[in-house]
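If you're matching them up, the sequences are chains B and G in order.
Heads up: the first sequence begins at 765 in my numbering, then just goes up one per residue.
Heads up: the second sequence begins at 765 in my numbering, then just goes up one per residue.
Don't be surprised by glycine CBs; every beta carbon is placed ideally from N, CA and C.
Keep in mind it's a predicted model, so treat the numbers as computed, not measured.
These notes are about the structure you will find just below.
There are 2 protein chains.
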Amino acid sequence: MEELCIRLAQIYPLPEPALSKFLSIWKSTSYEKGAHLLKTGQISNYMYFVGKGAVRIYYQKEEKEITEWLALDNNFFFSIQSFFQRVPSRLAIHALENSEVFMMHHDDLMQLCEQSHETEKLFRKMITTSLILSQIRMESIQFENAHQRYQRLLSSSPDILRRVPLSYIASFLGITQETLSRVRNAR
Amino acid sequence: MEELCIRLAQIYPLPEPALSKFLSIWKSTSYEKGAHLLKTGQISNYMYFVGKGAVRIYYQKEEKEITEWLALDNNFFFSIQSFFQRVPSRLAIHALENSEVFMMHHDDLMQLCEQSHETEKLFRKMITTSLILSQIRMESIQFENAHQRYQRLLSSSPDILRRVPLSYIASFLGITQETLSRVRNAR
DNA sequence: TACAATATTTGACAATTGTCAAATAATAAA
DNA sequence: TTTATTATTTGACAATTGTCAAATATTGTA
Numbered sequence: 765m766e767e768l769c770i771r772l773a774q775i776y777p778l779p780e781p782a783l784s785k786f787l788s789i790w791k792s793t794s795y796e797k798g799a800h801l802l803k804t805g806q807i808s809n810y811m812y813f814v815g816k817g818a819v820r821i822y823y824q825k826e827e828k829e830i831t832e833w834l835a836l837d838n839n840f841f842f843s844i845q846s847f848f849q850r851v852p853s854r855l856a857i858h859a860l861e862n863s864e865v866f867m868m869h870h871d872d873l874m875q876l877c878e879q880s881h882e883t884e885k886l887f888r889k890m891i892t893t894s895l896i897l898s899q900i901r902m903e904s905i906q907f908e909n910a911h912q913r914y915q916r917l918l919s920s921s922p923d924i925l926r927r928v929p930l931s932y933i934a935s936f937l938g939i940t941q942e943t944l945s946r947v948r949n950a951r
Numbered sequence: 765m766e767e768l769c770i771r772l773a774q775i776y777p778l779p780e781p782a783l784s785k786f787l788s789i790w791k792s793t794s795y796e797k798g799a800h801l802l803k804t805g806q807i808s809n810y811m812y813f814v815g816k817g818a819v820r821i822y823y824q825k826e827e828k829e830i831t832e833w834l835a836l837d838n839n840f841f842f843s844i845q846s847f848f849q850r851v852p853s854r855l856a857i858h859a860l861e862n863s864e865v866f867m868m869h870h871d872d873l874m875q876l877c878e879q880s881h882e883t884e885k886l887f888r889k890m891i892t893t894s895l896i897l898s899q900i901r902m903e904s905i906q907f908e909n910a911h912q913r914y915q916r917l918l919s920s921s922p923d924i925l926r927r928v929p930l931s932y933i934a935s936f937l938g939i940t941q942e943t944l945s946r947v948r949n950a951r
């Protein structure tokens with residue numbers, strides 16, 4: 765919870781009493797390694813924050829599993845389209861390690877946003893952050909080759925290799941496992 | 765202006781008096797073909813809406829010009845990172861045709877957002893729309909080949925080929941002009 | 001420890017796309 | 001209309017990455 769507060773304050777320092785109310789709608793849960801936070805076809809009701817731990821967002825694409833996102837310690841994540849558009853999620857989410865996860869229900873958030881302009885503002889800034897990250901990732905995928913993408917990931921998240929199977933990382937980077945294996949050794 | 769109102773209402777129907785105030789901060793300008801709306805290195809102060817016309821957002825990458833976005837008739841566009849983070853823009857924007865452009869200054873928008881919760885909500889929804897589009901485009905770039913990306917563009921914006929030079933479209937799709945030329949003929 | 005299951009690496013080859021140069025087509029200017 | 005300029009297409013070849021199969025390494029479990 766500590767870390768969640770810190771991350772929120774970095775995005776926008778919500779004044780009281782809105783802050784207390786906002787924090788109160790986050791629920792804490794523990795997920796065992798392998799457990800699902802969200803399954804394909806469910807409407808994703810939550811925005812999540814992983815404290816200590818790691819989760820993977822993925823989906824099925826022609827008999828392959830595509831890793832859409834990896835979130836390690838102290839990061840937000842959610843199934844964007846399902847959460848916002850209230851449609852069944854194409855994405856599934858599971859824990860890669862035993863993880864401490866905080867989650868906030870869509871309806872609770874919307875209710876607070878109605879009541880509190882300041883909370884709406886915080887939420888707007890959270891989405892803005894996601895949008896900027898999305899742009900950066902898009903550019904990386906479009907213009908960097910396998911080696912450059914791997915290096916970028918390494919420098920932004922150095923311990924990811926020790927904690928996440930190579931096949932997931934490769935898919936997240938948009939390359940095959942074999943290519944990633946070659947790229948990270950030799951050359 | 766008509767079309768701008770329609771598009772805004774689709775995103776969120778802002779009630780009066782907020783709507784009138786919001787509309788009043790949009791300024792209308794005409795740009796001649798080739799004219800710049802924004803040059804590299806400037807801080808991008810505006811969110812834009814092109815009425816009738818076409819614009820191109822691009823940047824320089826190792827002696828090549830990369831087309832980051834193309835906006836035709838009745839669409840929003842802006843230099844996301846510069847607009848939100850108030851840093852000099854890596855992107856430039858110019859008109860591909862004589863264009864009718866509406867623009868809204870960052871500071872005016874922020875002032876209205878402070879005053880009006882409803883306006884903040886509209887803005888939040890506009891960003892959410894951008895985020896979802898960004899996700900869809902990212903997936904297209906990551907998992908579709910040149911031919912599929914071209915087809916997707918054609919179906920979402922059929923007249924783009926008649927109005928935008930092939931080299932810009934190719935760059936926008938993340939492929940070379942030669943590959944696009946081959947993909948759209950034969951095969 | 002030894003075995004089984006899973007994960008990663010390696011090799012051979014194919015598919016896709018990029019690069020560079022030249023030819024052709026389309027457009028704008030004289 | 002003719003010419004000059006710009007845009008698009010085509011060919012030959014190279015680079016990158018993907019695919020499939022097999023080998024090796026790692027991890028978890030009896």
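Which whole-angstrom value describes the C-beta separation of G/S863 and G/S808, a residue pair presumed to lie in contact below a C-beta threshold of 8 Å? Position 99 of the second sequence, counted from the first residue, corresponds to residue 863 of chain G. Position 44 of the second sequence, counted from the first residue, corresponds to residue 808 of chain G. Approximately 17 Å separates the beta-carbon atoms of G/S863 and G/S808; this is outside 8 Å, ruling out the contact.
I need the straight-line Cα distance from G/L917 to B/E767, nearest angstrom please. The residue you call residue 917 of chain G lines up with position 153 of the second sequence. The residue you call residue 767 of chain B lines up with position 3 of the first sequence. So the alpha carbons of these two residues sit roughly 42 Å apart.
How about B/T933: is its C-beta nearer than 7 Å to some C-beta of chain G? As a position in the first sequence, residue 933 of chain B is number 169, starting the count at 1. A quick correction: the sequence has Ile, not Thr, at residue 933 of chain B. No, B/I933 lies away from the interface with chain G (no Cβ there is under 7 Å from its Cβ).
So which residues on chain G does B/G938 lean against when the C-beta distance must stay under 7 Å? The residue given as residue 938 of chain B occupies position 174 in the first sequence. Within 7 Å Cβ-Cβ: Q906.
Between G/V819, G/K885, G/I939, G/K889, which has its C-alpha nearest G/H911's C-alpha? Along the second sequence, one-based indexing puts residue 911 of chain G at 147. That would be G/I939, whose Cα lies nearest to the Cα of G/H911.
Between the C-alpha atoms of G/M874 and B/I891, what's the straight-line distance to the nearest angstrom? Numbered from its first residue, the second sequence carries residue 874 of chain G at position 110. Numbered from its first residue, the first sequence carries residue 891 of chain B at position 127. Rounded to whole angstroms, the gap between the alpha carbons of G/M874 and B/I891 is 16 Å.
Three-state class that DSSP yields for G/R854 in the structure shown: Counting from 1 along the second sequence, the entry for residue 854 of chain G is found at position 90. Coil at G/R854, not helix or strand.
Run of the beta strand (DSSP E) containing B/A835, from where it starts to where it stops: As a working note, residue 835 of chain B is residue 71 in the first sequence. That run of the beta strand (DSSP E) goes 828-836.
Neighbourhood of B/R951 by C-beta, 6 Å cutoff - its chain only, sequence neighbours within 5 removed: Here residue 951 of chain B is taken as the residue at index 187 of the first sequence, counted from 1. Low confidence applies to B/R951: its pLDDT is 47, below 50, so where it sits in the model is not reliable, and the reading given next is rough at best. Closer than 6 Å at the Cβ level, and outside the excluded window around B/R951, lies no residue.
Taking the alpha-carbon of B/G805 as reference, which of B/Y822, B/I770, B/E861 has the nearest alpha-carbon? Here residue 805 of chain B is taken as the residue at index 41 of the first sequence, counted from 1. If we check each option's Cα against that of B/G805, B/Y822 comes out closest.
Run through DSSP, which three-state label would B/V947 get? As a first step, residue 947 of chain B is located in the first sequence; it is residue number 183 there, counting from the start. B/V947 sits in a helix when the DSSP states are folded into three classes.
State buried or exposed for B/K828, treating a residue as buried only when at least 16 other CB atoms are found within 10 Å of its CB. On the first sequence, residue 828 of chain B is found 64 positions in, with the first residue counted as 1. Result: exposed.
Between which residues of its own chain and B/C963 is the CB-CB distance below 7 Å, once the five residues before and five after are set aside? Outside the modelled stretch of chain B, which goes from 765 to 951, sits residue 963 of chain B, for which no answer is possible.
For G/H869, would you say it is in contact with chain B, using Cβ-to-Cβ distances shorter than 7 Å as the test? As a working mapping, residue 869 of chain G is identified with position 105 in the second sequence. No, because no Cβ of chain B sits closer than 7 Å to the Cβ of G/H869.
Under 7 Å (Cβ pairs) to chain B, residues found in the region 850-884 of chain G: Listed in sequence order: H881, E884.
Name, please, each residue of chain G whose Cβ falls closer than 7 Å to the Cβ of B/F848. Numbered from 1 along the first sequence, position 84 holds the residue referred to as residue 848 of chain B. Residues of chain G passing the Cβ test: T892, I896.
For the pair the region 848-865 of chain B and the region 784-799 of chain B, tell me if three or more CB-CB distances fall below 8 Å. yes
Note down, in chain order, each residue of its chain lying with its Cβ closer than 6 Å to the Cβ of G/D872, except the 5 sequence neighbours on either side. Stepping through the second sequence from its first residue, residue 872 of chain G is reached at position 108. The answer, listed in chain order, is I789.
Among the residues of its own chain, which have a CB less than 6 Å from the CB of G/L925, if the five just before and after it don't count? Numbered from 1 along the second sequence, position 161 holds the residue referred to as residue 925 of chain G. Closer than 6 Å at the Cβ level, and outside the excluded window around G/L925, lies no residue.
What does G/M811 reach in chain B if we use C-beta pairs closer than 9 Å? Mapped onto the second sequence, residue 811 of chain G falls at position 47. What G/M811 touches in chain B: nothing, since even the nearest Cβ is about 12 Å away.
Between the beta-carbon of B/F841 and the beta-carbon of B/W833, is there less than 7 Å? What you label residue 841 of chain B is simply residue 77 of the first sequence in a count that begins at 1. What you label residue 833 of chain B is simply residue 69 of the first sequence in a count that begins at 1. Cβ atoms of B/F841 and B/W833: closer than 7 Å.
Where DSSP assigns a beta bridge to G/M867, which residues make up the other side? Residue numbering aside, residue 867 of chain G sits at position 103 when the second sequence is read from its first letter. Beta-bridge pairing links G/M867 to G/K791, G/Y812.
Can you find a CB in chain B that lies within less than 7 Å of the CB of G/R951? Within the second sequence, residue 951 of chain G is the residue found at index 187, counting from 1. Unreliable positioning characterises G/R951 in this predicted model, as indicated by a pLDDT of 47, which lies under 50. A coordinate reading is not provided.
Taking Cβ to Cβ, would you say B/T831 is nearer than 7 Å to B/Y932? Within the first sequence, numbered from 1, the residue matching residue 831 of chain B stands at position 67. Within the first sequence, numbered from 1, the residue matching residue 932 of chain B stands at position 168. Yes. Within cutoff.
Per DSSP, the bridge partner or partners of G/I844: As a working mapping, residue 844 of chain G is identified with position 80 in the second sequence. Answer is none; G/I844 lacks a bridge partner.
I want to see whether chain B comes within less than 7 Å of G/R888, judged by CB atoms only; does it? Along the second sequence, read from residue 1 onward, the residue named residue 888 of chain G stands at position 124. At least one chain B Cβ lies under 7 Å of G/R888.
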